[in-house]
Every structure is written in C-alpha cells, then in structure tokens.
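Asker: Take a look at the following structure, please.
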Amino acid sequence: MSSNNGKRLRDQIDDAELSDEEDEVLFGRQVNGATFFSGLLTIKHDNPSECQICLEDNDEFSTPAWARLGVFFGNNINLVSLDLMRCWFEAEDLRVLMEGLKRSISLRKLCLSHNEDIGGAEGMTVVASYVDGNNQLERLILTETGLKEEGLSKLVPALNRSSIQHLYLGSILQRRIRVLK
103 MSSNNGKRLR
113 DQIDDAELSD
123 EEDEVLFGRQ
133 VNGATFFSGL
143 LTIKHDNPSE
153 CQICLEDNDE
163 FSTPAWARLG
173 VFFGNNINLV
183 SLDLMRCWFE
193 AEDLRVLMEG
203 LKRSISLRKL
213 CLSHNEDIGG
223 AEGMTVVASY
233 VDGNNQLERL
243 ILTETGLKEE
253 GLSKLVPALN
263 RSSIQHLYLG
273 SILQRRIRVL
283 K
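Next up, the structure:
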C-alpha cells in the first residue's frame, strides 16, 4: 500500500467515529477476543487507570486495525508507556500506527523491541518521523529490531530534535554507539 493510500485510510478511520460494535468487528480475530476487546475499550474511552499498555504477539492485525489503535493511543491523554513487542509490523502498519501516535500528549516511553523487520531504512524512517520534534517521549526501546546502519542513519537526526533521554538499542549496538561519541 502506498503512503498516500495509507494516509487516506488513516484519515477515513480517524474521521469516522466507529461504534464499539464496529471496533469489535475490526479487532474480532484476536485470541481471548472478549478479554482483549474489553481492555481495548478502556484505551479507546481514555480510562485513567490505563496509563501503561503492553501489546505483545499481535501479528494478525490488519492495517486498518493498526490505524485505529494509533488513533486510540494518540487520543488517550493518560497513556505514558506503550510496549508493542513482537507485533511483526509491515512498514505500512507501522506508518499508520505512528501517525495516530503523533497526537499523544502524554506518551513518555515507547518500546518496539522484538519487531525484527523494522530496523532497516524504511522502518526507521517511520520511527524517525514520530520521534522528530517529539517533546514528550523520554525513552525509546529498539532492542531486537534488526537495526542496521542505514536505519540508524535515518533515526539519528530525528533523535537530535527530540526529548529522548534514554535510547535502548541492544548490548552490541550500545557499545558501538559509545565508541562513536
């Protein structure tokens, strides 16, 4: 899917206030569907008790579902920590998710670890577009993302224009970064 199509898709989902029933259809294929969906509703409706979200092993979401989650996360003013581990993002999925997250005024920690296909230039360009100029995010965790030199080269300029204080890349890359300082 092209970037323009992804933006149109995100805008359509963003602009349409989906009912809880429509969201249940969109996310209905999940394991433990009822439990998952009730948790998702607390995020959608900005429940103050949900300030940390951990979403692991979600490889069945469609691009529209990731876009919708991005809107939920971005609109949630209580969300401070988001862990998205082993979600097996396609580039377009990550792009629409990050577009929604750009609205967040509260997110301080983002963990994308164990998403091994996002470490190249395309994936890190998407992450960089979220990080660039972000004044809230303090921690970014990118361990086990398959981070490559071309991905890092896309990310570093954005990091310089962000509020990130802690960057986790993994033990081998951390040692290499220290040498570069």
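Residue numbering for the sequence shown follows my numbering, starting at 103 and increasing by one per position. Ideal Cβ placement from N, Cα and C applies to all residues, glycine included.
Looking at the structure shown, is LYS55 part of a helix, part of a strand, or coil, going by DSSP?
Answerer: Only positions 103 to 283 of the chain appear in this structure, which leaves residue 55 out of reach.
Asker: May I have the straight-line CA-CA distance separating LYS204 from VAL233, to the nearest angstrom?
Answerer: 9 Å
Asker: Kindly indicate which residue of VAL229, GLY235, LEU239, ARG241 has the alpha-carbon position closest to the one of ILE254.
Answerer: This sequence places Leu at residue 254; Ile is not what is there. Residue VAL229 holds the alpha-carbon nearest to the alpha-carbon of LEU254 among VAL229, GLY235, LEU239, ARG241.
Asker: Going along the chain, which unbroken runs of the alpha helix (DSSP H) with 4 or more residues stay wholly within the segment 196-262?
Answerer: 223-233, 251-262
Asker: Rounding to the nearest angstrom, what Cα-Cα distance links GLY225 and ASN180 in this structure?
Answerer: 27 Å
Asker: Are the CB atoms of LEU199 and GLY172 within a distance shorter than 8 Å?
Answerer: yes
Asker: Have a look at ILE155, MET187, LYS211 and flag the residue whose alpha-carbon is nearest the alpha-carbon of GLN238.
Answerer: Nearest C-alpha to GLN238: LYS211.
Asker: Using a 10 Å radius around the Cβ and a threshold of 16 neighbouring Cβ atoms, would you call SER265 buried or exposed?
Answerer: Under the 10 Å beta carbon count, SER265 is surrounded by fewer than 16 other beta carbons and is classified as exposed.
Asker: Keeping to the same chain, check which residues put their C-beta closer than 8 Å to that of ILE155; ignore five residues upstream and five downstream.
Answerer: Closer than 8 Å at the Cβ level, and outside the excluded window around ILE155, lie ILE145, PHE175, LEU181, SER183, LEU184, ASP185.
Asker: To the nearest angstrom, how far is the alpha carbon of ASN160 from that of TRP168?
Answerer: 10 Å
Asker: Considering only the alpha carbon of each residue, which of ILE220, ARG188, GLU123 lies closest to LYS250?
Answerer: ILE220
Asker: Determine the closest residue to GLU158 out of ASN178, ARG170, GLU201, HIS216, with distance taken between C-alpha atoms.
Answerer: HIS216
Asker: Would you report the Cα separation of GLY272 and ARG188, rounded to the nearest angstrom?
Answerer: 16 Å
Asker: Any idea if ARG170 is buried or exposed, counting beta-carbon neighbours within 10 angstroms, 16 or more meaning buried?
Answerer: buried
Asker: Taking the alpha carbon of LEU196 as the reference point, which residue from ILE207, PRO166, ASN262, ASN177 has its own alpha carbon closest?
Answerer: PRO166
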